[in-house]
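Enquirer: Residue numbers (my numbering), protein chains in the order written: chain G, 173 to 330; chain A, 173 to 330.
Beta carbons are placed, not taken as given, at the ideal position from N, Cα and C, and that holds for glycine.
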DNA sequence: CGGGACATCATGGGATAACATGGGAAAACG
DNA sequence: CGTTTTCCCATGTTATCCCATGATGTCCCG
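1. Apply the 10 Å Cβ neighbour rule to residue 270 of chain G and answer buried if 16 or more other Cβ atoms are within range, or exposed otherwise.
2. Consider the Cβ of residue 319 of chain G: report whether some Cβ of chain A lies at a distance smaller than 8 Å.
3. Please specify which runs of the alpha helix (DSSP H), each continuous and at least 4 residues long, are wholly inside the region 178-220 of chain A, giving them in chain order.
4. Identify whether residue 240 of chain G lies in helix, strand or coil by the three-state DSSP scheme.
5. If you follow the beta strand (DSSP E) that residue 338 of chain A is in, where does it begin and where does it stop?
6. Return the bridge partner residues of residue 292 of chain G from the DSSP annotation.
7. Among A:176, A:241 and A:298, which has the Cα closest to the Cα of residue 331 of chain A?
8. Taking 8 Å as the CB-CB limit, is residue 231 of chain G close to chain A?
9. Measure the CB-CB distance between residue 293 of chain A and residue 284 of chain A and report whether it falls below 8 Å.
10. Counting along the chain, where does the alpha helix (DSSP H) carrying residue 270 of chain A start and finish?
11. Tell me where the beta strand (DSSP E) around residue 267 of chain A begins and ends.
12. Distance cutoff 8 Å, beta carbons only. Does residue 187 of chain A sit that close to anything in chain G?
13. Within a Cβ cutoff of 8 Å, which residues of the same chain sit near residue 387 of chain G, ignoring the five residues on either side of it in sequence?
14. Is it buried or exposed for residue 246 of chain G, if we count other Cβ within 10 angstroms and need 16 for buried?
15. Examine chain G for any beta-carbon lying closer than 8 Å to the beta-carbon of residue 179 of chain A, and answer yes or no.
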């Protein structure tokens, strides 16, 4: 199962287009979609993105809630209302909407970071800073990664 | 399966016409209807809308209730009695009925918010306020989707 | 091992199509 | 008849398509 991996920084042209890294493109395509789904992170100034597989799982989670419940409406507003389906053109580029760019403080360059089932899009310098911090935290969180064979029962989600 | 996603704010002209966002239009069309079904929300000052698929499922939900119960009648009078089938014209516009506009406090602009199987139509500033609240609550509901990996990535449960 | 032929990719620009929006005229309605 | 709705056309803006270029990588063959 392919997943998003690696880091790529691409330019944004005058029309707002960016090349989606070729490797990301092929992940999305292998999931049956000629595009990606993006939405502003509600945890920081960056854009979250994914292929249809992850996006569908979010959708299914929402459909399990009562159709007129406040929880469903609020979660859907944030997760779907703010999201955008960005199809790539014949050259593999996507058009980053103005509001998403503003959220991430992105001007003329964007850094794509693969995170498995999803990826993130950052303003390059902002990502540098985040990455330095992530490295620190990773050191501390390293203990959380257990060898699968060492997990006691099933579930593991302490 | 296509669904309503994204947020769009369009103008209402002197005749009361609004462009239904092109993406919403194609969702409705793919469900076999050249229009959408709209009705006032019973939980707030906004309009609920959907394609025929969701509208049918609402119908079925009503039919599961006791046919002569006051609950059923109350819900039906809002969900069906106040609902309108709005066909879009050759340019993809719909005509928002006066009572629906009044319910949502909509004057000359309308914000369409995609929520999966359904969508909502808001007065832009009212939606802004709702969204801010939704963002807060979504963080609280975040237990449902806390770490992104907590979501079933590839059909974990279903 | 080296060098080139070729594919892939990111990027730029011009042409074209799609979309939101405004207004006029015909048609439907009461 | 007057009012409201539908249809048609015009326009500016935005997005999409198509082609060109250069840079990088890959592969094959000598």
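Expert: Taking the structure as given:
1. exposed
2. no
3. 194-202
4. coil
5. Examination of residue 338 of chain A is not possible in this model, given that chain A is present from 173 through 330 alone.
6. G:220 and G:285
7. With chain A covering 173 to 330 only, the question about residue 331 of chain A has no answer from this structure.
8. yes
9. yes
10. 270-276
11. 265-267
12. no
13. Residue 387 of chain G cannot be examined here, being either before or after the span of chain G that is shown, 173 to 330.
14. buried
15. yes
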